[in-house]
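Enquirer: Keeping their order, the protein sequence lines are chains L and R.
Okay, so the first sequence: first residue is -19 according to our numbering, each after it adds one.
Okay, so the second sequence: first residue is 90 according to our numbering, each after it adds one.
Just so it is clear, CB atoms sit at the ideal spot from N, CA and C, and this is done for glycine as well.
Everything numeric in this text was worked out from a predicted model, so none of it was measured.
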Amino acid sequence: MQRELARERTLLSRKVSVAALLTTLVVLSSLPHMLGGGHHSFLPAWFTSPWTQLLLTTPVLFWCGRDFFSGALSAFRQHSADMNTLVAAGTGIAWLTSLFSTLFPQVLIAEGLPADVYYESAAVILTMVLLGRLLEARARGHTSEAIRRLLQFQPPTARVLREGQPIEIPLPQVVVGDLVQVRPGEKIPTDGVVSEGSSWVEESMLTGEPTPIAKASGDTVIGASMNRSGSFSFRVSRVGSDTVLAQIVALVRQAQSSRTQVQRLADQVVGWFVPVVIALAIAAFVVWFLISGNPVLAMLFLVSVLVIACPCALGLATPTSIMVASGKGAETGLIFRSAEALETAGKLRTIVLDKTGTLTCGQPEVTDFERLPGGVLPADTLLALTVALESRSEHPLAEAITTYARSQLKDRELPMVNGFESVAGRGVQAAIGSQQVRVGTPRWFEELGINTATLTPLVERLELAARSVAVVVVDGRLEACFGVADPLKPTSAAAVAALRRLGLQVVMLSGDARRTAEVVAAQVGIERVIAEVRPADKASVLKQLQEQGVGPVAMVGDGINDAPALAQADVGIAMGTGTDVAIAASDITLISGNLAGVPAAIELSRAAMANIRQNLVFAFAYNVAGIPIAAGLLFPLTGWLLSPMIAGAAMAFSSVSVVSNALRLRRFQPAPLPGAAS
Amino acid sequence: MTDLLATDLISAAPLWRSIEQPLALKALVTTIGVALIAWELWWFLGRHGGGVAARESAAGWQEITITVDGGYAPTRIQMKAGRPLRLSFHRIDPSGCVAQVIFPDFHKTLDLPLHAITSLELPPTEAGVYPFHCGMNMVRGVLEVVD
């Protein structure tokens, strides 16, 4: 496909050169006429003859401009009319009229008309449009550059260990499970898990994060990222279309083939556009014929109207901007799933941030372990029960508690667990031996009717220190209490400030106790907190916000637990973890997992939509202003008339301007985070 | 005076010359012009045929081959709701404009190599009108899904 496009561009530029050469000769040839009279011409008579001009112009139209005529003809057979129709009709009519006056000049002279020819108009218009098309093709090549650049990051070969020997094989031959060696300064060929060695790896081409990341045994690496200093080998986990890079490319391409609401409007206009322009051109001919009785003059108005109209600018206005913006997003680690996501993100009024994993690192650690007054079990027995129960849960707090308790227990045998049950948003319970063990929130035990009076001061102290609290209860007896801290991501506060600066209402959503949630919210500068929300209720909270709120609501979450809420939101933004972009349920994916990507995505969206609006306004205004001028509407008032040649040039450059304006988005840079050092 | 630059006309060049035409000719030109406009609008904007229905094939698939030559032939494709569709595009038009076909409602882009048949499978959909177009949005077709 790339090669085909390149070949086409080469052919197109050859046609432009030929057309330019012949057109220059035609213009020279018609110069004596243009300068008035041609009585004392400095050019030989044979050169200024209409027959010479016919000879020079015909190949311009029917070789260089062949595609316009064949395109117009096949479109006509399909009952459709497009750009080709206008160009072919405009230049064709000018050529035919000239041919008539070349063949039968006496007919015109008998009518009192000059037997003039307009070959140079036809040739100039066609050359201009061809040149415009070439420039446009060049510019459009740049719009998909971002994707091409992403794909270039992938090295063509990988050094794979086969039977203990490292051999270099082409990337497509690498299979899952292969052991791949990477040396300093090399690109990592595909996704995998480090099995030996360690290094610093730069993932900026995928995540937009500039700082290299330390990788050691057990860490995941992403294909196409750059190994900096160390050597390591990794076990391949994904190849081909399963890799992170392939998924990013697929998502971006998907976004580029979707369309925005504004574009639907433009599309409808484009469908009507060409037939209406043809009707206006015929009307201009009739009206000028009635006014002046001069068919040649009327014909020139007809040609001007046909060639000035540019449906291309309307058709190109949105897709090119979307193309450039989504490519730009991909470069900075922001993946938009559709044009609509890009469109809506800029209109957001409320943004809901999930606490765990979004504002915080999502890797909670136990900071406090307190025995409670009524507790009777020895510490290690209690910890063993806790591990046995909590290791069955997938909750991040449970993981933190398990890790902590294991480290305290050494290699103690764990008791058998029966009838494990997880109560969403509350905790977990099971029978262990003859005991009934529960680990959960203080609120759960209140609801169960257990006296938690002795617990209250401790819980309050922990919660004010932004700790999440988990209580261990054995046979209805309060035994111990864990305080778990989940540190904030370093950029969270600055990102929240940036969101507020963009005029958004920021809301924090958390399953945590109200006090804990409020303390965390205060640390990052969020005023509105919705706490103690069970995972299943997050979507309904979003719905409420949508109903009461003004404008669209976005939800930012980790994409795994928050999937229903992300789907409910007008824009679901998933925080990737750098390796898992399979979270395609979201509208926007931040590959880096850095919250700073959210304001950046909103800014990019606003920039893209502003760009689209400029393009549409320009394209509409150009056509709305250009067509009446070409039709001679201003002539009675100002004496202004537009040469068909100028009309053709204006048309060619209006679509080039639209594409060039869209390309300005390539220079988009998100505003730096307020107060951020980096 | 072959050119029609603004300056030329202001100076009332010979081209800008009123010629008395007989009334009958004026009437004739007007009639032909109006008729041409009406015919042209009907040809391009009117409905021509109800579209071509996709062929039924094995395992519930509906299939159709679309020739890409200046436009899509057929332009309107009728299919039944709730059944998957396999579209095969046969591109014989060398113009770069039609090298891509985009289905915005399905978020699909398909590259069409020249002189080859490229297929696209679309999932079953609800009744409705789903337009598709070339990469530049100039050549268009439509899928009409009916119950």
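Near L/L88, what residues of its chain come up, given a Cβ to Cβ distance below 6 Å and the 5 sequence neighbours on each side ignored?
Expert: S81, A95
Enquirer: Please name the residue or residues paired with R/C223 in a DSSP beta bridge.
Expert: R/V190
Enquirer: Could you tell me whether the region 310 to 323 of chain L touches the region 499 to 516 of chain L, where touching means 3 or more Cβ pairs closer than 8 Å?
Expert: no
Enquirer: How close, in whole Å, do the beta carbons of L/L484 and L/L328 come, if the pair is a contact with beta carbons under 8 Å?
Expert: 6 Å between Cβ atoms; contact.
Enquirer: Give the straight-line distance between the Cα atoms of L/P624 and L/P169, rounded to the nearest whole angstrom.
Expert: Using only the alpha carbons, I get a separation of about 56 Å.
Enquirer: Among residues of its own chain, excluding the 5 on either side of R/E145, which ones have a beta-carbon nearer than 7 Å to its beta-carbon?
Expert: Q151
Enquirer: If you compare alpha carbons, which of L/W424, L/Q409, L/F425 is closest to L/R418?
Expert: L/Q409
Enquirer: Which residues of the region 153 to 178 of chain R have a Cβ closer than 9 Å to any Cβ of chain L? Give them in chain order.
Expert: D158, G159, G160, Y161, A162, P163, T164
Enquirer: What three-state label does DSSP hand L/N207 in the structure shown?
Expert: strand
Enquirer: Return the CA-CA distance between L/G556 and L/I571, expressed in angstroms with no decimal places.
Expert: 4 Å
Enquirer: Could you name the residues of the same chain whose beta carbon sits closer than 6 Å to that of L/T618, not counting the 5 residues immediately before and after it, in chain order?
Expert: none
Enquirer: Taking 8 Å as the CB-CB cut-off, is L/R233 touching chain R?
Expert: Judged by the 8 Å Cβ criterion, L/R233 is in contact with chain R.
Enquirer: Starting from the Cα of L/L35, find the closest Cα among L/V(-2), L/E440, L/Y99 and give me that residue.
Expert: L/Y99
Enquirer: Does R/G140 get closer than 8 Å to chain L when you measure Cβ to Cβ?
Expert: no
Enquirer: Apart from the five residues on each side of it in sequence, which residues of its chain come closer than 7 Å, Cβ to Cβ, to L/P353?
Expert: T434
Enquirer: Run through the region 569 to 615 of chain L for me and flag every whole alpha helix (DSSP H) of 4 or more residues, listed as ranges in chain order.
Expert: 577 to 610
Enquirer: Apart from the five residues on each side of it in sequence, which residues of its chain come closer than 7 Å, Cβ to Cβ, to L/Q236?
Expert: I302, M303, S306
Enquirer: Please decide whether R/E210 counts as near chain L, where near means a Cβ-Cβ distance under 8 Å.
Expert: no
Enquirer: Helix, strand or coil: which one does DSSP assign to L/T712?
Expert: There is simply no residue 712 of chain L to check, as chain L begins at -19 and stops at 658 in what is shown.
Enquirer: So, using beta-carbon positions, are L/Q388 and L/L357 closer together than 8 Å?
Expert: no
Enquirer: Please determine, among L/I228, L/A196, L/D171, L/G220, the residue with the shortest C-alpha to C-alpha distance to L/I202.
Expert: L/D171
Enquirer: Restricting to runs no shorter than 4 residues, where is the alpha helix (DSSP H) found entirely within the region 286 to 348 of chain L?
Expert: You should have 291 to 311, 319 to 325.
Enquirer: For the region 592 to 604 of chain L, which residues have a CB atom closer than 8 Å to at least one CB atom of chain R, in sequence order?
Expert: none
Enquirer: Could you tell me whether the Cβ of R/D182 comes closer than 8 Å to any Cβ of chain B?
Expert: No chain B appears in this structure, whose protein chains are L and R.
Enquirer: Report the residue ranges of all beta strand (DSSP E) runs contained in full by the region 359 to 440 of chain L; include only those spanning at least 3 residues, in chain order.
Expert: 397 to 403, 407 to 412, 415 to 420
Enquirer: Taking 8 Å as the CB-CB limit, is R/P213 close to chain L?
Expert: no
Enquirer: Kindly list, in the order they appear in chain L, the residues whose Cβ is closer than 7 Å to that of R/D109.
Expert: The question names Asp, but residue 109 of chain R is Glu in the sequence shown. The answer, in chain order, is G273.
Enquirer: Note down, in chain order, every chain L residue with its Cβ under 7 Å from the Cβ of R/H137.
Expert: Those within 7 Å of R/H137 in chain L are H59.
Enquirer: How long is the line joining the alpha carbons of L/V530 and L/V287, rounded to whole angstroms?
Expert: 46 Å
Enquirer: Would you tell me roughly how many angstroms separate the C-alpha atoms of L/R480 and L/V486, rounded to the nearest one?
Expert: So the two alpha carbons sit approximately 7 Å from each other.
Enquirer: Can you give the Cα-Cα distance for L/L260 and L/V285, rounded to whole angstroms?
Expert: 8 Å
Enquirer: Kindly indicate the opening and closing residues of the beta strand (DSSP E) around L/P150.
Expert: Looking at the DSSP string, the run of the beta strand (DSSP E) that includes L/P150 is 145 to 150.
Enquirer: Pop quiz: L/N603 and L/C290 are said to be a contact at Cβ under 8 Å. What is the actual Cβ separation, rounded to whole angstroms?
Expert: In this structure L/N603 is in contact with L/C290, their Cβ atoms being roughly 6 Å apart against a cut-off of 8 Å.
Enquirer: For the beta strand (DSSP E) containing L/E507, name the first residue and the last one.
Expert: Note, L/E507: premise wrong, no beta strand (DSSP E); not H, not E.
Enquirer: From this set, L/D222, L/E426, L/A611, which residue's C-alpha is nearest L/R457's C-alpha?
Expert: Comparing C-alpha distances from L/R457 to each of L/D222, L/E426, L/A611 shows the shortest one belongs to L/E426.
Enquirer: If you measure beta-carbon to beta-carbon, which residues of the region 18 to 49 of chain L are closer than 8 Å to chain R?
Expert: D47
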